[in-house]
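Have a look at the structure below before the remarks.
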C-alpha cells in the first residue's frame, strides 16, 4: 500500500468530505487537521536569508518535522524552560530536536560565532562542523572565530533537548577587535574579566619579541576594544623553535601570572602581587608552544616576560657524568649549576673560590653540595669501586647505597667490591664541600681472582 504524507492525506480527506465522500464528523476532523498543519507548516516558502526552524519529536531529527516555521532574521534567543516550543504542534517539552538553516551574505573578514545551549548543539558552516557540543549539559557557551570570504555562506545550527530546562541562543558578529595571528607570533587574547572566561573581547598580534607591557599603568591595554582598566585577563600563545638546553624564564607581573609549555603547567603565581619571578626549565630541541596567562585585579597593570639560555645550566651527553651543584647543605632545591663532567673516571678538585662556571657567579657560597650521575655499561663480574672524598661523600649503584662517608668526613679512600650484572647501571656520587678547598673522585675496575696452582 502506498502511504501519503500526512499533509496530503488531510487534504484528500477534506476534499472527500466537501464532495460528500465522508461524513460531516470526518469532514470536521479533516478540516481541524488541515488548520493545524497551516499553523505548524509554512504556507509560503521561507526566504533563504531568514531562519528556517524545523522541530522534531525526537533527539535525532528522524522522520518528518512536527513544525517548520520562519524564525526571522535576528539572532536566535529561545528560553523555553520546562515548556514545549509549541505544544499545539505536538512538539514535546523534552526529547526534541531543532535544525535551523539560514544563508548569510558577508564582507570578507573575521567573524565570531557564539552559541549557548541546554542541552547539545553543533554549528555547521558551508557543510563543515565548526562547533561540536553534542551532549547533555547545562547552559554551555562555545565560540569560534572564522575567516570568511566575501559572499554567501550557509549556516546550519542543530540542537537537542534531553530533559529539564531548554535554552538555545546563537549570534555572530563581524570582529574588528579580533585578528588572525600566525602561530609563530604572540596571539594575545584579552578578556573583560579576571578569570579568562567566556570569549575574548580583543584578539591581537602582539609580535614575536619578548612580552613587555610596562606602560599600561592605570589604563586599558586597548581602550577601543577593552574598556576594563581593572579586573581583566590575558592569554598569550606562541609556538617557537628552541635549541636543546636549559632556559631561564623571567616574569615581572602585577598581578597574577602562570606559564605553560606544551600544555604542561610549569610555573604559577596566580595572586595579587607586583613581583619578579624566575623558573629554570630544560627543553628538547624543536618547536614548543609557550602560553602565558595573566590577570590584573586593581591598580597598576604590568606584565614582562622573557627567556634566555641559562648561563649556569648546560646540556650533558647521555653517557657522561652529570654534575648538579646546590647551595643547600642537603642537595635540596633547584641546582644552581648543571654541567658535563666528562666520560672518564670522576676526578674533581674545587678551589676555595669555585663558582661553578668560568666568569659567571653561579655559586655564591664556598660550602655546597653536589650530585654526580652517570649511566655505565658493565660486563658481568665483580668490580672494586674506590671513592675519594674530602670531606663528605656517598656512592649509590642503581639507587642502592654502597658507601657512605657523609658523617665521617674521612679523607682516606673508601673501597668496596660488588658483583654487577651485565648491562646498563646508574652510578651516583653525592658530595658535600665545606668552606675551603675540596675534592671528590670515583674509579672502578674488575676484580681478577688468581686461579689456584695445581701441584703435580
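In our numbering, the protein residues as written are -5 to 450. All C-beta atoms in this analysis are idealised placements derived from N, C-alpha and C, irrespective of residue type, glycine included.
Cut-off 6 Å between Cβ atoms - residues of its own chain near residue i, not counting five sequence neighbours on either side
i, result
"residue 440", "375 and 377"
"residue 151", "94, 117 and 164"
"residue 166", "105 and 107"
"residue 425", "364, 387 and 434"
"residue 236", "277 and 282"
"residue 156", "113 and 130"
"residue 250", "264, 265 and 289"
"residue 202", "179"
"residue 75", "159"
Assigned secondary structure, residue i (DSSP; H/G/I helix, E/B strand, else coil)
i, result
"residue 1", "Any reading at residue 1 is ruled out, since the residue's pLDDT is 43, under 50, leaving its predicted position unreliable."
"residue 263", "strand"
"residue 126", "strand"
"residue 81", "helix"
"residue 63", "strand"
"residue 453", "Residue 453 lies beyond the residue range present for the chain, which begins at -5 and ends at 450; the question has no answer from this structure."
"residue 213", "coil"
"residue 53", "coil"
"residue 346", "coil"
"residue 44", "coil"
"residue 19", "In this predicted model, residue 19 has a pLDDT of only 49, less than 50, meaning its place in the structure is not dependable; the value taken from the coordinates is given anyway. Three-state DSSP puts residue 19 in a helix."
"residue 26", "Residue confidence is low: residue 26 scores 49 on pLDDT, short of 50, so the model does not pin down where it sits. No coordinate-derived value is stated."
"residue 10", "Bear in mind that the predicted position of residue 10 carries a pLDDT of just 40, short of 50, making it too unreliable to give a figure here."
Residues of its chain near residue i, where Cβ-Cβ distance is below 7 Å and the 5 sequence neighbours each way are ignored
i, result
"residue 22", "Residue placement at residue 22 is flagged as unreliable, the pLDDT there being 49, under the threshold of 50; a coordinate-derived value is accordingly withheld."
"residue 26", "At residue 26, the pLDDT of 49 sits below 50, so the modelled position is not reliable; the number obtained from the coordinates is stated separately. Taken in chain order, the list of residues that qualify is empty."
"residue 242", "272, 274, 301, 302 and 304"
"residue 294", "211, 212 and 248"
"residue 416", "372, 373 and 374"
"residue 419", "370, 372, 391 and 392"
"residue 256", "282 and 283"
"residue 262", "252"
"residue 87", "76, 77 and 78"
"residue 174", "104 and 141"
Short Cβ contact (7 Å threshold) for residue i with residue j
i, j, result
"residue 299", "residue 227", "no"
"residue 254", "residue 285", "yes"
"residue 68", "residue 137", "no"
"residue 379", "residue 414", "no"
"residue 154", "residue 53", "yes"
"residue 85", "residue 61", "yes"
"residue 330", "residue 433", "no"
"residue 50", "residue 36", "no"
"residue 180", "residue 252", "no"
"residue 412", "residue 367", "no"
"residue 200", "residue 182", "yes"
"residue 382", "residue 397", "no"
"residue 120", "residue 148", "yes"
"residue 229", "residue 190", "yes"
"residue 55", "residue 91", "yes"
"residue 216", "residue 188", "no"
"residue 452", "residue 168", "Because the chain spans -5 through 450 in this model, residue 452 falls outside it and cannot be assessed."
"residue 126", "residue 134", "no"
"residue 246", "residue 279", "no"
"residue 437", "residue 313", "no"
Cut-off 8 Å between Cβ atoms - residues of its own chain near residue i, not counting five sequence neighbours on either side
i, result
"residue 309", "238, 239, 240 and 334"
"residue 453", "Residue 453 is absent from the structure shown; the chain starts at -5 and stops at 450."
"residue 430", "346 and 360"
"residue 205", "180, 230, 286, 297, 298, 299 and 300"
(message) I want to know whether the segment 34 to 46 touches the segment 87 to 95 - three or more CB-CB distances under 8 Å.
(response) Touching, yes, given that three or more Cβ pairs across the two stretches are closer than 8 Å.
(message) Could you tell me which whole beta strand (DSSP E) segments of length 3 or greater appear in the segment 136 to 191?
(response) 145 to 155, 160 to 168 and 181 to 185
(request) Check whether the segment 385 to 398 touches the segment 329 to 336, counting contact only when three or more Cβ pairs, one atom from each stretch, lie closer than 8 Å. (result) no
(request) Jot down the residue ranges of each uninterrupted beta strand (DSSP E) in the segment 352 to 413, minimum 3 residues, whole runs only, in chain order. (result) 362 to 372, 375 to 384, 386 to 391 and 394 to 398
(message) Taking 8 Å as the cut-off, does the segment 107 to 122 touch the segment 150 to 170 (at least 3 CB pairs, one atom from each stretch)?
(response) yes
(request) Pair every Cβ in the segment 318 to 332 with every Cβ in the segment 348 to 365, then say whether three or more of these pairs are closer than 8 Å. (result) By the Cβ criterion, the segment 318 to 332 is in contact with the segment 348 to 365, since at least three pairs of Cβ atoms, one from each stretch, lie closer than 8 Å.
(message) Is it the case that the segment 178 to 195 contacts the segment 216 to 227, given that we only count it when at least three CB pairs across the two stretches are under 8 Å?
(response) yes
(request) Kindly provide the ranges of any beta strand (DSSP E) runs that are 3 or more residues long and lie completely inside the segment 224 to 260, ordered along the chain. (result) Annotation note: the segment 224 to 260 contains the following uninterrupted beta strand (DSSP E) runs of length 3 or greater, listed N- to C-terminal: 226 to 236, 239 to 248 and 250 to 255.
(request) Return the chain-ordered ranges of every beta strand (DSSP E) run that is complete within the segment 285 to 317 and spans a minimum of 3 residues. (result) 295 to 303
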